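Below is one structure; the comments refer to it alone.
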Amino acid sequence: MKNLIEIKTLSKDDITGLIDLTSKVKANPSKYSDQSAFKDKLVFSMFSEPSTRTKLSFQLAAKRLGASVVDVSKVGSSSEKGESLRDMIKTIESLKAHVVIIRDKASGTAQYVARKTNLKVVNAGDGMNEHPTQALLDIFTIYQVFHNYTGLKIAIVGDILHSRVAHSNMFLHEKLGNKVILCGPPTLVPELYKDLFKNVEISYDFDSFLPKVDVVMMLRIQTERQSEVNFPSFREFARLYSLTKERMGLLKKDAIVMHPGPVNRDVEITAPALEDEHSVVLAQVGNGLFLRMAVLYSLLK
Amino acid sequence: MSTILLKGGRIIDPSQSIDKVTNLFIENNKISSITDEEPSSHIVIDASGKVVCPGFIDMHVHLREPGREDKEDLKHGVQAAVWGAFTTICTMANTDQPIDNEASVSFIKYKAKSLNLAKVEPICAVTKGLNGEELTNFYLTSQAGAVAFSDDGKSIMDSNLMLKALQYSRLVDKRIISHAEDSNLTRDGIVNEGEISLLTGLKGIPSVAEEIIVIRDILLAGYAKSKLHIAHVTTSGSVDLIKWGKKKGIDVTCEVTPHHLILTDEQLTTYDARFKVNPPLRAKKDAESLIQAINDGVIDVIASDHAPHTIDEKEDEIHLAPFGIVGLETVFGLLNKYLVEPKKVALNKIIQLLTSNPAKVLNMDDRGSLKPGSTADVVVLDTEAKWIVDTSKFKSKCRVSPYSNFDMKGRVVTVIIDGGLKMNMLATKVNKDAIIEEIHLNDWS
Numbered sequence: 000m001k002n003l004i005e006i007k008t009l010s011k012d013d014i015t016g017l018i019d020l021t022s023k024v025k026a027n028p029s030k031y032s033d034q035s036a037f038k039d040k041l042v043f044s045m046f047s048e049p050s051t052r053t054k055l056s057f058q059l060a061a062k063r064l065g066a067s068v069v070d071v072s073k074v075g076s077s078s079e080k081g082e083s084l085r086d087m088i089k090t091i092e093s094l095k096a097h098v099v100i101i102r103d104k105a106s107g108t109a110q111y112v113a114r115k116t117n118l119k120v121v122n123a124g125d126g127m128n129e130h131p132t133q134a135l136l137d138i139f140t141i142y143q144v145f146h147n148y149t150g151l152k153i154a155i156v157g158d159i160l161h162s163r164v165a166h167s168n169m170f171l172h173e174k175l176g177n178k179v180i181l182c183g184p185p186t187l188v189p190e191l192y193k194d195l196f197k198n199v200e201i202s203y204d205f206d207s208f209l210p211k212v213d214v215v216m217m218l219r220i221q222t223e224r225q226s227e228v229n230f231p232s233f234r235e236f237a238r239l240y241s242l243t244k245e246r247m248g249l250l251k252k253d254a255i256v257m258h259p260g261p262v263n264r265d266v267e268i269t270a271p272a273l274e275d276e277h278s279v280v281l282a283q284v285g286n287g288l289f290l291r292m293a294v295l296y297s298l299l300k
Numbered sequence: 000m001s002t003i004l005l006k007g008g009r010i011i012d013p014s015q016s017i018d019k020v021t022n023l024f025i026e027n028n029k030i031s032s033i034t035d036e037e038p039s040s041h042i043v044i045d046a047s048g049k050v051v052c053p054g055f056i057d058m059h060v061h062l063r064e065p066g067r068e069d070k071e072d073l074k075h076g077v078q079a080a081v082w083g084a085f086t087t088i089c090t091m092a093n094t095d096q097p098i099d100n101e102a103s104v105s106f107i108k109y110k111a112k113s114l115n116l117a118k119v120e121p122i123c124a125v126t127k128g129l130n131g132e133e134l135t136n137f138y139l140t141s142q143a144g145a146v147a148f149s150d151d152g153k154s155i156m157d158s159n160l161m162l163k164a165l166q167y168s169r170l171v172d173k174r175i176i177s178h179a180e181d182s183n184l185t186r187d188g189i190v191n192e193g194e195i196s197l198l199t200g201l202k203g204i205p206s207v208a209e210e211i212i213v214i215r216d217i218l219l220a221g222y223a224k225s226k227l228h229i230a231h232v233t234t235s236g237s238v239d240l241i242k243w244g245k246k247k248g249i250d251v252t253c254e255v256t257p258h259h260l261i262l263t264d265e266q267l268t269t270y271d272a273r274f275k276v277n278p279p280l281r282a283k284k285d286a287e288s289l290i291q292a293i294n295d296g297v298i299d300v301i302a303s304d305h306a307p308h309t310i311d312e313k314e315d316e317i318h319l320a321p322f323g324i325v326g327l328e329t330v331f332g333l334l335n336k337y338l339v340e341p342k343k344v345a346l347n348k349i350i351q352l353l354t355s356n357p358a359k360v361l362n363m364d365d366r367g368s369l370k371p372g373s374t375a376d377v378v379v380l381d382t383e384a385k386w387i388v389d390t391s392k393f394k395s396k397c398r399v400s401p402y403s404n405f406d407m408k409g410r411v412v413t414v415i416i417d418g419g420l421k422m423n424m425l426a427t428k429v430n431k432d433a434i435i436e437e438i439h440l441n442d443w444s
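Heads up: the sequence lines are chains A and B, in that order.
Residue numbering for the first sequence follows numbering that gives the first Met the number 0, beginning at 0 and increasing consecutively.
Residue numbering for the second sequence follows numbering that gives the first Met the number 0, beginning at 0 and increasing consecutively.
So this is what it looks like as structure tokens:
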């Protein structure tokens, strides 16, 4: 694998291959740990947006594999002095890095870095575009529960327009043959998605489809990307689209609830719902590590 | 002054509906006659197999001088114009500092005159400092040579101020050129809003942001009984609104750029900032409706919106790179290759939108025509010449273009401005008493 930039350009086999490899890593982590072949490999993580679980998970994954990890964060690096991304990646390239893991607030940054360097690039989230490892760890989590990654009905709820997690998941489920229901206010769920994805339906009514779905993916309200008024208040948003304990009661018995984190408690999901037995939020975090080990393994080997 | 005979070319002059193989005779800086005779001349140019037409007029270019001469300047701009077959170009006011007073209008005129190539006609800002708050001195700047007024680069968002500008412009009988963009609807936008903005996660610029100002300004122009020109029209909705305005008898004209006719927003899926332009490249159906609108007579003018930037700027990340596509030197080769050759638009129509129509829109009575007595601004085109875009060969300072390595067909081979031969690649006989005022430019190769 040369890069992992977007789900939209992966094939179905690329995706299922990564799911299979993640299963193997999870079943036998020690087999993939401390690879002697990776001891000279250098992985840079470059996060210019705040991140806890993605960054930790990638760094830990690289360390587990036996590679060296260097973190270049925005604060404390020369990007604070106004150094541009292209100069920074040239610096990283000249330090003989093998892989750069990049998170940026602008869409297209991972593609830009891949075009400008010979480094292998992993997209850890670019603006409103994609967050491929999140979608992959989501499908891996779904696979672990349902032992299947096709023919499922998946609801994605909240701020779809600004969510790279939603976008990566939409591309992924189209390729794997799962139905997707997008739910949120019309300002955050453009009708055009129905033309772009043949497996997508749109609903503004949260309660209407809850009894029919296998998976509910709650999204974080992207407060940092709400440059405009897309809904009147968090209070009203929560009334319409918060996953409460009552709404959990509408779910099928074996349905699962996911959230990519970090959670705005009591906005998109209430605390009791988060800790409900349907919730697999912590399993997602755990699986994230194995998935990212599998991704980095494929790039470094 | 020398006399020039262009012999045996296919003369296309849309202003007189002429399209025939004959001779063009130029005398005393003016068109003397279109004739089958061969009057004796100082210079005889063999134009057989070529198209002879009025010099092109580009009513929308940015030459960045004064202020951003690192991107472009008048000297390179007028050379690029000549190599694009343009004998007159109109510069927009959004330089750094803006062209918003008599002194700066005069600066552009006199500096360009000293360069002695394409004629440069300044468009003055509508509002001082392009700040959308206070009108410029329309009368005084017209006296200095302003040919129109525009805050191109942004819309005047205050409808009352736009109305006053339109009303006051009647005093100088000059057109207000509207950059139609509701800035409240386009904030932080990078690409056309639609499938491509959703697929790339790049913030969208919706069609309605253009259309809402198009209809506002048409209504205001109708109310003020003034002359309005809509710059760079890009959407099928705008076409419908302009068609409606014209039908109502409102004096609204409009232009379209080659890039909005030939390129679409699908080019943006690779986040390549060379394709980043404002208004943005639109969907395929929009480009198709613009072509239809040319054939329907709704679009009056083709203009390049030549907007040069440095390579460094255009190779930056797409959200950081500036908007703009360089255009003067590629207009004809593109239109001829991608619209005329596949028979989407007739050659004569293209020439009309580059010559007589812009002259009419700007009240340039003696240009854009080969009528006897018109200024002798004439170009000869080799419509069969095939070439490939090599940005390093551009005369413009800007060496980065979305058309890099595009196949082109058609290029200019002779340029005459005010009766003076500025560039010529055709077989030519010069009598020994001819006074040749010739500027030597590099070859195409």
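Note that beta-carbon positions come from the ideal geometry of N, C-alpha and C, so glycine has one too.
None of the values given here were measured: they were computed from a predicted structure.
Assign residue i to buried or exposed, taking buried as 16 or more other Cβ atoms, counted over all protein chains shown, within 10 Å of its Cβ.
i        : result
A/Thr269 : buried
B/Glu316 : buried
B/Ser444 : Residue placement at B/Ser444 is poorly supported in this model, since its pLDDT is 32, which falls under 50; the coordinates still yield a value, given next. By the neighbour-count rule (16 or more Cβ atoms within 10 Å), B/Ser444 is not buried but exposed.
A/Gly150 : exposed
B/His318 : buried
A/Tyr360 : No answer is possible for residue 360 of chain A: it lies beyond the span of chain A, which begins at 0 and ends at 300.
B/Pro371 : exposed
B/Pro341 : exposed
A/Val334 : Nothing about residue 334 of chain A can be reported from this structure: the residues present for chain A run from 0 to 300 only.
A/Pro49  : exposed
B/Thr94  : buried
A/Leu160 : buried
B/Tyr337 : buried
DSSP three-state call for residue i: helix, strand or coil?
i        : result
B/Asp406 : strand
B/His318 : coil
A/Ser232 : coil
B/Asn22  : strand
A/Asp194 : helix
B/Ser31  : strand
A/Lys211 : helix
A/Leu181 : strand
B/Met363 : coil
B/Thr427 : strand
B/Leu440 : Caution applies to B/Leu440, whose pLDDT of 45 falls short of 50 and renders its modelled position unreliable; the value that the coordinates give is listed next. Coil.
B/Ala147 : strand
A/Asn147 : coil
B/Arg186 : coil
A/Asp19  : helix
B/Glu36  : coil
Going by DSSP, which residues form a beta bridge with residue i?
i        : result
B/Val238 : None, per the DSSP bridge assignment.
B/Glu120 : B/Cys89
B/Cys52  : B/Val378
B/His305 : B/Val60, B/Ile324
B/Trp386 : B/Met407
A/Ala154 : A/Ile180, A/Val215
A/Ile6   : Answer by DSSP bridge pairing: none, since A/Ile6 is not bridged.
B/Lys6   : B/Asp45
B/His228 : B/Ile176, B/Thr252
CB of residue i to nearest heavy atom of the ligand ATP: below 8 Å?
i       : result
A/Ser44 : Looking for the ligand ATP in the displayed structure turns up nothing, as the structure carries no ligands at all.
Which whole-angstrom value is the C-beta distance of residue i and residue j, which I expect to be below 8 Å?
i        : j        : result
B/Val379 : B/Leu5   : 7 Å
B/Ile211 : B/Asn191 : At roughly 16 Å, the Cβ-Cβ gap does not stay under 8 Å, so B/Ile211 and B/Asn191 are not in contact.
Along chain D, which residues have their Cβ under 8 Å away from the Cβ of residue i?
i       : result
A/Leu84 : Structure shown: chain D not included; protein chains present are A and B.
For the region 278-290 of chain A, list every residue whose C-beta sits within 9 Å of some C-beta in chain B, in sequence order. none
Residues in the region 194-205 of chain B having any Cβ partner in chain A nearer than 8 Å: Glu194, Leu197, Leu198, Thr199, Gly200, Leu201, Lys202
Anything in the region 301-328 of chain B with a Cβ closer than 9 Å to a Cβ of chain A? List those residues in chain order, please. Glu314, Asp315, Glu316, Ile317, His318, Leu319
Under 7 Å, CB to CB, which of the residues in the region 98-116 of chain A have a partner in chain B? Ala105, Ser106, Gly107, Thr108, Gln110, Tyr111
Which residues, in chain order, does the region 172-195 of chain B contribute to contact with chain A at a C-beta distance below 8 Å? Arg186, Asp187, Gly193, Glu194
Quick one, which residues of the region 123-138 of chain A are near chain B if we go by CB-CB under 8 Å, in chain order? Asp125, Gly126, Met127, Asn128, Glu129
Along the region 255-276 of chain B, where does the CB come closer than 8 Å to a CB of chain A? Name the residues. Thr269, Tyr270
Identify each residue in the region 152-167 of chain A for which the Cβ-Cβ distance to at least one residue of chain B is less than 7 Å, and report them in chain order. Arg163, His166
Could you list the residues in the region 184-214 of chain A with a C-beta less than 8 Å from some C-beta on chain B, going in chain order? Pro189, Leu191, Tyr192, Asp194, Leu195
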